[in-house]
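Sequential numbering of the sequence shown, starting at 1, is according to my numbering.
Ideal Cβ placement from N, Cα and C applies to all residues, glycine included.
Working notes, structure below.
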Amino acid sequence: MNKTNTPLANTLSTREATLADDEALRELIAVPMTTKGIQISFQREPSYFRASDIVYRHKLHVVIEDTESQKKVACYSNGYRPCYINRNIQNLRYAGDLRVDHSYRGKSLVKVLGKHVKQTMHEPNYSQMIIFDDNHAARAAIQTGKTGMPDYYDEGLIETLSLTSTGAKRKIKAFLNQVNKQSDLQEIRTCVAEAEHVPPMNQFIRDMAEFYNFIPAYNFEELAQGHRYFSGMKLSDFSLYFKGEKLVGMFGLWDQHSIKQTKILNYSSAIAVLRPVYNLLTPMTKGMRLPKLGDSIQYHVLHTLMCHPQDLALHHKMLGDAYNKSKQQGVGVVSFTLSHKDPRYQLNQFYKGERLTGMHGFISYEGDPRPNFDKNLIPYLEVGRI
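This is the structure we're talking about:
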């Protein structure tokens with residue numbers, strides 16, 4: 001038989017990635033995509049493995065290699081981290097970073113990949129997954145139920161907002177006046193986190209697990225010690241909100257650019273011409289500034305943006321404070337993700353910024369995990385770890 005007719009699947013090898021694959025993984029992850037006339041590249045410089053320190057406590061990075069060309073043609077990750085599930089700490093897998101080399105798409109590669117997922121997805125035997133609307137390849141692979149791929153179980157819609165303005169004060173005040181259970185903001189005092197606050201911060205996460213599902217089980221002692229799970233953050237990046245002696249809200253301002261970047265590769269001709277004028281007008285339009293070609297988009301990620309889910313006034317105050325802190329650092333963009341089921345999501349209608357809608361769900365070969373989740377708990381998404 002002629003060697004050129006060898007089925008592709010026979011030349012593909014699937015294995016766990018090692019540090020020697022770091023450069024190849026970064027190249028696969030950085031494959032350009034175009035959205036709204038802007039060609040961007042998601043980059044993990046200087047190291048893919050270092051960037052994944054903030055996503056997983058137990059890593060599983062996988063590469064598919066064409067043994068004939070010795071080229072890495074696809075990758076995915078499916079490690080896990082401890083999270084609060086139904087108020088108890090359990091390991092939760094998170095499936096992400098699925099990339100396929102353009103020249104290998106639409107071939108039998110998906111079957112090969114699915115086989116490996118099935119062999120390794122145990123304890124837990126399901127994975128959390130987020131697919132944003134502009135990720136057409138991943139949506140197609142999951143929703144069309146390709147042979148060999150796990151079944152997808154949808155949980156609901158989410159929105160990531162890169163906020164550039166907290167909107168019209170009058171409208172928000174009128175809205176908040178109609179909502180019950182709001183904090184009297186005069187009673188709230190705020191401070192920057194210090195070492196003495198670590199125990200109440202840990203307790204606060206446990207308290208929030210009474211309202212939210214899938215919160216990573218943080219130990220902020222690790223943050224104080226500079227653990228790599230918190231790369232790019234320090235304790236003083238956190239703002240705490242107290243009512244009396246009780247911690248009732250918190251967020252961290254996270255600059256991830258030392259490990260993750262969103263780089264601008266190209267603009268459509270119209271955007272390229274209008275960019276200087278657009279940037280000049282951003283103080284009035286409250287839009288995101290467009291960097292020059294080759295530069296990265298600047299933004300802060302909000303870590304553990306949390307308070308009681310019904311306390312919209314406190315949530316709004318924290319977002320305003322986060323935006324102002326970001327602005328003081330020369331950025332003025334804060335990014336966070338909320339489930340459409342989260343009462344705090346109602347406030348997004350008043351805010352300005354770039355929105356990304358996505359699907360949140362689970363994949364499994366062993367049945368639907370959703371009936372096991374307490375339906376009274378609100379899905380929590382940590383934007384800096386997805």
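Per DSSP, what kind of secondary structure is K352 in: helix, strand or coil? strand
Do I259 and A30 have their C-beta atoms within less than 8 Å of each other? no
Alpha-carbon to alpha-carbon, T166 and M318: 11 Å
Start and end residues, beta strand (DSSP E) containing Q39: I38 to Q43
If I follow the unbroken beta strand (DSSP E) through P82, where does it start and stop? Note, P82: beta strand (DSSP E), Y80 to I85.
Roughly how far, in whole angstroms, is the beta-carbon of N266 from the beta-carbon of L293, given that I think they are within contact range, below 8 Å? Going by Cβ atoms, the distance from N266 to L293 rounds to 7 Å, so yes, they are a contact pair.
Measure the alpha-carbon distance for L274 versus K171 and round it to whole angstroms. 31 Å
Taking only the alpha-carbon atoms, compute the straight-line gap between G226 and M233 and give it to the nearest angstrom. Between the C-alpha atoms of G226 and M233 there is a straight-line separation of about 8 Å.
If you check the beta carbons only, do R81 and P124 fall under 8 Å apart? no
The region 51–61 / the region 12–26 touching (three or more Cβ pairs under 8 Å): yes
How about P343 and N213: do their beta carbons lie closer than 8 Å? no
Which class does V100 belong to by DSSP, given the choice of helix, strand or coil? strand
Using only the alpha-carbon positions, how far apart do I215 and I130 sit? 15 Å
Cα-Cα, which of F362, F204, R228 and R289 is closest to R57? R228
So, under 8 Å CB-CB, L223 and F230 are touching, yes? Tell me the CB distance rounded to an integer number of Å. 4 Å
Backbone CA spacing between M306 and S41 [nearest angstrom]: 30 Å
6 Å Cβ shell around M201 - same chain, five flanking residues per side excluded: F220
Would you kindly check if the distance between the Cβ of D22 and the Cβ of G361 is under 8 Å? no
Distance check for I205 and S364, CA to CA, integer angstroms please. Distance between the alpha carbons of S364 and I205 is about 28 Å.
By the three-class DSSP mapping on this structure, what secondary structure does Y153 have? strand
Buried or exposed: where does V192 fall if 16 or more other Cβ atoms within 10 Å of its Cβ makes it buried? Per the 10 Å Cβ criterion, exposed.
Buried or exposed: M284, going by 16 or more other Cβ atoms within 10 Å of its Cβ? exposed
List the endpoints of the continuous beta strand (DSSP E) containing D311. No beta strand (DSSP E) contains D311, which DSSP labels as neither H nor E.
Same chain, Cβ closer than 8 Å to T190, neighbours up to 5 away in sequence not counted: Here the set comprises S239, L240, Y241, F242 and D321.
Can you tell me where the alpha helix (DSSP H) with G114 in it begins and where it stops? L109 to T120
Which one or two residues does DSSP pair with T262 in a beta bridge? Answer by DSSP bridge pairing, in chain order: F42.
Could you please give me the residues that DSSP links to Y241 through a beta bridge? T190 and G249
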